[in-house]
Every structure is written in C-alpha cells, then in structure tokens.
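Please read the structure below before turning to the comments.
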Amino acid sequence: MAPKYTNKLVNQRVLVFGGTSGIGFAVAEAAFEHGAHLVISSSNQSKLDKTVARLKEAYPAEFEKQTITTHVCDLSDTANLDANLEKLFQAATDGGAVKLNHIATTAGDALNLPKLAELSPDAIYGGMAVRYVAPAMMAKFIPKYMENSPSSSFTLTGGLRGQKPYPGWTMATATCCAIDGLVRGLALDLKPVRVNVVHPGAVNTELFRMFPKEKLDGMLKMFQDASTTGTVGKPEDLAESYIYLMKDHFVTGSTIESNGGAALK
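The sequence shown begins at 33 in my numbering and counts up one residue at a time.
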C-alpha cells in the first residue's frame with residue numbers, strides 16, 4: 033500500500049517566502065524532503081543561488097525528480113509590492129499554467145523596536161511592512177494562482193510577543209496580534225483555502241551570529257531559562273509546524289504556538 037501520510041506533499045507546489053535562511057530554509061528543506069516542488073523567494077539572488085546549491089548537495093537524488101525555482105522579491109518595497117508580487121506569482125505558476133498548493137511566509141526584516149516616546153507613523157508602518165502588509169498583499173493573488181481546495185494552505189508567521197508582551201516590544205506585540213486577526217479574516221475570505229499562523233518563540237537562527245560569543249551565550253541562557261523545556265528552538269523544530277499545517281486539511285483560522293512553553297512562565 034502506498035504511504036498515506038508521508039506522501040501528502042509529493043508533487044505539490046510550495047512557495048516559501050524568506051526561504052534562504054533560518055525557519056524559512058528549514059520549511060523549504062522539509063517540504064522538499066516530503067517530495068514537493070519548491071519555489072523560493074528572497075530579496076537577494078545570491079542567497080537564493082546558495083540555497084539551491086545547499087539543497088542540491090543535501091538531496092542529490094530528489095533534485096533529479098523535483099524542481100526548485102527561485103524569484104527575487106523585496107517585500108519591504110511597499111511602493112512596488114503589488115507589481116513585484118504579480119511578477120513572482122506569474123513566475124511561480126509558469127504564467128498561470130499550473131497552480132500553487134501551499135504558501136508559507138517566514139520573511140522578516142530587522143525588528144523595529146522604537147521607544148514609545150519615539151514612535152512615528154513611519155516607524156509604525158515600516159515595522160509592519162514585511163510581516164503584516166506583505167502577507168496581506170500575497171493573499172490578494174491566492175484566488176488566481178492557488179488551487180481552490182481545502183488541501184491548499186497559506187501559512188503566516190507571528191511571534192510569542194503577541195501572547196506575552198514584553199517592555200519595549202509594543203510594536204512587535206501589536207504586529208503579532210494584527211497577524212492573528214488577518215489570519216482569521218483571510219480564512220473566511222479565501223475559503224476553502226486554509227489560512228493559519230505559526231507563532232515561534234526564541235529560535236536559534238543565523239540572526240544570532242551577529243552577537244559576540246560572550247553575549248550570545250548569555251542570551252541563549254536567558255531564553256533557556258524562560259522556557260519550560262530548558263531549550264532554545266531550532267529551525268528544524270519549527271519547520272514541523274508549517275509542514276503540519278500544509279498536511280492537515282481540516283485546520284484553518286488557527287494558530288500554532290512553538291515556544292518551548294515560554295508563554296507559561
């Protein structure tokens with residue numbers, strides 16, 4: 033008998049925004065390992081080329097059977113976002129000849145955490161551009177370019193701070209909460225396509241490499257102590273949440289919290 037569960041993503045077309053590093057790369061890697069055809073988007077072509085080479089080296093046999101295509105799209109360029117997304121979706125579907133089955137967006141820019149006294153409309157809008165505005169604009173193209181079925185999914189990324197605010201993180205908290213509302217609304221407007229969100233806690237990605245080792249060790253210890261598991265998340269842990277949301281055709285308008293129990297402390 034053919035596998036009932038592990039083959040759910042075989043030959044599915046999966047588009048991953050922010051798929052060149054961190055959680056996004058792990059999602060792309062996991063989908064490829066499950067037999068999917070990948071479309072990976074990032075703001076940097078060099079990073080996209082390195083990602084394809086990385087996957088080809090890790091999965092040479094799969095690379096002969098499955099496709100990986102890439103497309104540059106700067107989600108922070110709000111002035112041209114509509115046109116740039118149209119070009120991306122055209123490329124991802126061979127001009128509309130084929131349909132997407134799943135979209136996951138993990139893209140994020142540097143967190144904008146202005147002090148309350150320093151808030152401005154530009155700072156607020158800028159902080160929400162990639163994480164909230166861009167996913168909302170992606171949704172506009174789903175009816176045209178995605179298979180209209182409950183087997184299709186659109187998965188967004190939020191964060192722990194929506195559930196557990198922290199001093200100085202007001203805008204991050206606001207954005208995460210806004211993403212929750214966006215997901216619930218889109219789950220109705222895009223039905224039967226399913227829309228969900230993953231809220232990660234602290235995850236040890238390439239972003240941590242910007243800190244000197246002496247500071248990094250202290251930060252990791254802080255995050256470990258803030259969890260109930262005594263651990264910091266790994267990208268491959270988080271990838272399981274996104275893959276699950278692609279494969280469970282009965283979940284929509286929902287959130288997954290993957291934070292090591294940090295919301296409990």
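Yeah, the Cβ is synthetic: ideal placement off N, Cα and C, and Gly gets one too.
Remember, predicted model here, so these are calculated numbers, not experimental data.
Out of K279, R226 and R45, which one is the CA nearest neighbour of A129? Ranking K279, R226 and R45 by CA distance to the CA of A129 puts R45 first.
Express the C-alpha separation of Q195 and T205 in angstroms, rounding to a whole number. Each residue's Cα considered, the two are about 8 Å apart.
Does the separation of the CB atoms of M278 and S152 fall below 8 Å? A distance of 8 Å or more separates the beta carbons of M278 and S152.
T260 burial status per 10 Å Cβ neighbour count (16 or more: buried): Exposed, since its Cβ has fewer than 16 Cβ neighbours within 10 Å.
Any chance the stretch 101 to 110 sits against the stretch 161 to 178, with 3 or more Cβ pairs inside 8 Å? Contact holds between the stretch 101 to 110 and the stretch 161 to 178, because three or more Cβ pairs, one in each stretch, are under 8 Å apart.
Please state the DSSP three-state secondary structure of F282. Collapsing the DSSP output to three states places F282 in coil.
Do you know how far the Cα of S53 is from the Cα of F95? Looking at the two C-alpha atoms, the distance is approximately 19 Å.
Own chain partners of F243 with C-beta closer than 6 Å, once the 5 adjacent residues on each side are dropped: Non-local beta-carbon contacts of F243 in its own chain, meaning distances under 6 Å to residues more than five positions away in sequence, are absent.
Taking three-plus beta-carbon pairs below 8 Å as touching, is the stretch 262 to 274 in contact with the stretch 52 to 66? Touching, yes.
My output table needs one value for A210: the three-state DSSP class, helix, strand or coil. In this structure, A210 counts as helix in the three-state DSSP scheme.
Skipping 5 residues on each side, what residues in its chain have a beta carbon closer than 6 Å to that of H103? Cβ neighbours of H103 beyond the five flanking positions: S73, L120 and A123.
Kindly give me the distance between the Cβ atoms of K247 and G200, rounded to whole angstroms, as I take these residues to be in contact under 8 Å. Not really, about 18 Å apart at Cβ, beyond 8 Å.
Which class does G190 belong to by DSSP, given the choice of helix, strand or coil? G190 falls in the coil class under three-state DSSP.
Answer with buried or exposed for T189, where buried requires no fewer than 16 other C-beta atoms within 10 angstroms of its C-beta. Counting C-beta atoms within 10 angstroms of its own C-beta, T189 has 16 or more neighbours from the protein chains shown and is therefore classed as buried.
Given 8 Å, three or more beta-carbon pairs between the stretch 74 to 93 and the stretch 270 to 290: Output reads no: the stretch 270 to 290 does not touch the stretch 74 to 93.
To the nearest angstrom, how far is the alpha carbon of T263 from that of D257? Each residue's alpha carbon lies about 8 Å from the other.
Can you tell me which of the three DSSP states L87 falls into? For L87, the secondary structure class from DSSP, reduced to helix, strand or coil, is helix.
If we require 3 or more residues per run, which beta strand (DSSP E) segments fall completely within the stretch 146 to 192? Whole beta strand (DSSP E) segments, 3+ residues: 185 to 189.
Proximity of A168 and V48 at Cβ, strictly below 8 Å: No, the Cβ-Cβ distance between A168 and V48 is not below 8 Å.
Continuous alpha helix (DSSP H) stretch holding A136: start and end: Unbroken run through A136 is the beta strand (DSSP E), H134 to T137; no alpha helix (DSSP H).
Please report the distance separating the alpha-carbon of D249 from that of F255. Here the C-alpha atom of D249 lies approximately 10 Å from the C-alpha atom of F255.
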